[in-house]
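**Student:** For reference, the structure I am asking about is given below.
In this note's numbering, the protein residues as written are 79 to 699.
This is the structure in structure tokens:
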């Protein structure tokens, strides 16, 4: 109506409108009722037709699955009896020294590696240290620890006089024979300058950081690191992840609180991101920082600031083009996928590939990472351990072989998500723990705050590790948590878990586990599984490729034509590395059809296997 509410000829009155509507509605109802009545009569009079026998639909048979029973996979804690006496120092002091600085939460990594080339796996445990400004200084300066394996799983601490007995705030470790001399060298990341130790033989290591020019920034904070031959020139190049731009002064200035009053550890969201580093190996112990020209310095498109806040790192050929790509787990910002363009450069592709965020498009607190063909198919999976109340991710490739792969996080559908949501997961890795031919997932968990239960009843500072048993794609839950009665109380005992690594320490064919902690002792767990499953192990040595054969792939074809695929990739988990030899569980099979090794340069070698339950050494022709 017009503003003065005066009736006009163009607008009928309300009674007329209502009356017309009622009459139209009654007419329509009458028509609908009549049509329905006609249809009912026709249906009643329609003759019933008996279906022919051949027209009866045949229902699919119910698929009968084998009875599902998680095998007994007991682990025994042999830390003390095996000679491991390492204690991690995170710098978290007492009294006035308890400043709760963020690096204290991250712990140190560790690795299994054969430093003396005697065929068994030795151990390096990376240590941090007491802050130089702390009023209370220890009588003995904390250092990393080197342990020699006698071949039976007993270790001797030989750190003193090794050259590794130096104190700095260490974090992660990368083991690799960068000079192809047959001796594995060590790179250790730190708060402050990183260190490169060349293996001189005889249990001695030489610090060549300055001459190699790989220290990074004096005020940097490096975390994950790893060796890989990105340009396939036969020597190992070095990739280094950096976390945040951190300083003591900046950390204290934020005034983080746990419950409104108590000082708490800071959040990475308050700190500026950083760039990773890529060093090209130029030979003769020299490296060149090519981070800028190689395209690994990724910026936030909205702010132009460095994007990465990196912790976990691994390398994988995600698009099957024969080149190793770089996958980085970032804390509170998107993950990164650096695709190797085969011309010395990389392009960031995480968002397009689907591994940047969770399924809701949100960044998570990503820690550790690993990648593998866990379904014994061409579909690669990437698992990432995340912060408390953020489930562990399992990104599975939906388009194997395409130049731009597409991944989807299947953690919820395959059973991983619900059982890992509460834990704060750092170290995470694939491993065939029961030698049944399927890769399981092992995680090392622990919180940052020792008083976290004061504000979150569901959270604990010390948390139990988890072993997720791979029961296969035929079941609703592809992975199931192995309960304590199957894995043993030594395994499930709570700890402030950080890094995790694996190796066969005693030569019995199954994989033993070393779990690292923050501010405490590690846990060396011997695998005492008694499944009677068979196995094969392969130790590869490159000649034209890098000597460690990093990036080489072994494919074992079983009698039923199942193909098991494993790649020599020690860089995984959280600030840690696993052994170089590859372990293949064969289940009940006591023979294999074929074994093929694809070396990093693409050359293929057929390996003859006359018996199982052995390690086979393969040298690149």
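In this text, a Cβ means the ideal position worked out from N, Cα and C, and glycines have one as well.
Starting from the C-beta of residue 209, find all residues in its chain whose C-beta is less than 6 Å away, skip the five residues before and the five after it, and write them out in chain order.
**Tutor:** 169
**Student:** Is the CB-CB distance between residue 322 and residue 651 below 9 Å?
**Tutor:** no
**Student:** How long is the line joining the alpha carbons of residue 697 and residue 162, rounded to whole angstroms?
**Tutor:** 33 Å
**Student:** Taking the C-alpha atoms as reference points, what is the distance between residue 242 and residue 283?
**Tutor:** 7 Å
**Student:** If you draw a straight line from the C-alpha of residue 395 to the C-alpha of residue 477, how long is it?
**Tutor:** Approximately 13 Å, taken between the alpha carbons.
**Student:** Is DSSP giving residue 103 helix, strand or coil here?
**Tutor:** Interpretation of residue 103 is limited by its pLDDT of 39, a score under 50 that renders its predicted location unreliable; the figure taken from the coordinates is listed afterwards. Helix at residue 103.
**Student:** Rounded to whole angstroms, what is the Cα-Cα separation between residue 528 and residue 178?
**Tutor:** 11 Å
**Student:** Are the CB atoms of residue 249 and residue 266 within a distance shorter than 9 Å?
**Tutor:** yes
**Student:** Short of 8 Å in beta carbon distance, which residues of its chain neighbour residue 691, apart from the five on each side in sequence? Order them along the chain.
**Tutor:** Excluding sequence neighbours, residue 691 sits near 587, 612, 613 and 614.
**Student:** In the structure shown, what three-state DSSP assignment does residue 126 receive?
**Tutor:** Note on residue 126: pLDDT 40, under 50, position unreliable in the model; no value is reported.
**Student:** When DSSP builds the beta bridges, which residues end up paired with residue 605?
**Tutor:** 153
**Student:** Terminal residues of the continuous alpha helix (DSSP H) containing residue 494?
**Tutor:** 494-498
**Student:** Tell me which residue opens and which closes the alpha helix (DSSP H) that residue 431 is part of.
**Tutor:** 428-431
**Student:** From residue 583 to residue 511, what distance separates their C-alpha atoms?
**Tutor:** Answer to the nearest angstrom: the Cα atoms are 14 Å apart.
**Student:** If we call anything under 9 Å between Cβ atoms a contact, is residue 445 one with residue 502?
**Tutor:** yes
**Student:** Can the beta-carbon of residue 548 be found closer than 9 Å to that of residue 518?
**Tutor:** Closer than 9 Å, so yes.
**Student:** Rounded to whole angstroms, what is the Cα-Cα separation between residue 438 and residue 148?
**Tutor:** 33 Å
**Student:** Below 6 Å CB to CB, which residues in the same chain sit around residue 663 once its five sequence neighbours on both sides are set aside?
**Tutor:** So the list reads 510, 513, 514, 515, 611 and 613, once near-sequence residues are dropped.
**Student:** Taking 6 Å as the limit between beta carbons, can you name the residues of its chain near residue 606, skipping five residues before and five after?
**Tutor:** The residues 152 and 154, in chain order, have a CB closer than 6 Å to that of residue 606 in the same chain once the five nearest residues on each side in sequence are set aside.
**Student:** Which value, in whole angstroms, describes the spacing of the CA atoms of residue 462 and residue 405?
**Tutor:** 10 Å
**Student:** Identify, in the order they occur along the chain, each residue of the same chain with its Cβ nearer than 7 Å to the Cβ of residue 132, setting aside the five sequence neighbours on each side.
**Tutor:** Because the pLDDT of residue 132 is 41, which lies under 50, any placement of that residue in the model is unreliable, and the question is left without a value.
**Student:** Residue 634 and residue 645: beta carbons closer than 9 Å?
**Tutor:** no
**Student:** Could you give the residue range of the alpha helix (DSSP H) that holds residue 564?
**Tutor:** Note, residue 564: alpha helix (DSSP H), 562-565.
**Student:** Go to residue 277, then tell me how far its beta strand (DSSP E) extends in each direction, as first and last residue.
**Tutor:** 273-279
**Student:** Can you find a CB in chain B that lies within less than 9 Å of the CB of residue 670?
**Tutor:** Absence of chain B from the displayed structure is noted, only one protein chain being present.
**Student:** In chain order, what residues of the same chain lie with their CB nearer than 6 Å to the CB of residue 299, ignoring the 5 residues before and after it?
**Tutor:** 269, 321 and 324
**Student:** Flag this pair as yes or no: are the beta carbons of residue 336 and residue 533 separated by less than 9 Å?
**Tutor:** yes
**Student:** Alpha carbons only, please: which of 186, 175, 199 and 192 is nearest the one belonging to residue 211?
**Tutor:** 175
**Student:** Tell me which same chain residues have a C-beta within less than 7 Å of the C-beta of residue 575, skipping the five on either side of it?
**Tutor:** 504, 505, 522, 523, 524, 541, 543, 593 and 595
**Student:** Alpha carbon to alpha carbon, how far is residue 246 from residue 296?
**Tutor:** Each residue's alpha carbon lies about 12 Å from the other.
**Student:** Any idea what DSSP makes of residue 298, helix, strand or coil?
**Tutor:** Here DSSP, grouped into helix, strand and coil, assigns residue 298 to coil.
**Student:** Quick one: residues in its chain with C-beta nearer than 7 Å to the C-beta of residue 433, no 5 flanking neighbours on either side, listed in chain order?
**Tutor:** These residues qualify, in order along the chain: 413, 415, 460, 473 and 485.
**Student:** Could you tell me if residue 407 is buried or exposed, where buried requires 16 or more neighbouring beta carbons within 10 angstroms of its beta carbon?
**Tutor:** buried
**Student:** In angstroms with no decimal places, state the Cα-to-Cα distance between residue 167 and residue 573.
**Tutor:** 15 Å
**Student:** Count the other CB atoms, across all protein chains shown, that sit within 10 Å of the CB of residue 383; report buried if there are 16 or more and exposed otherwise.
**Tutor:** exposed
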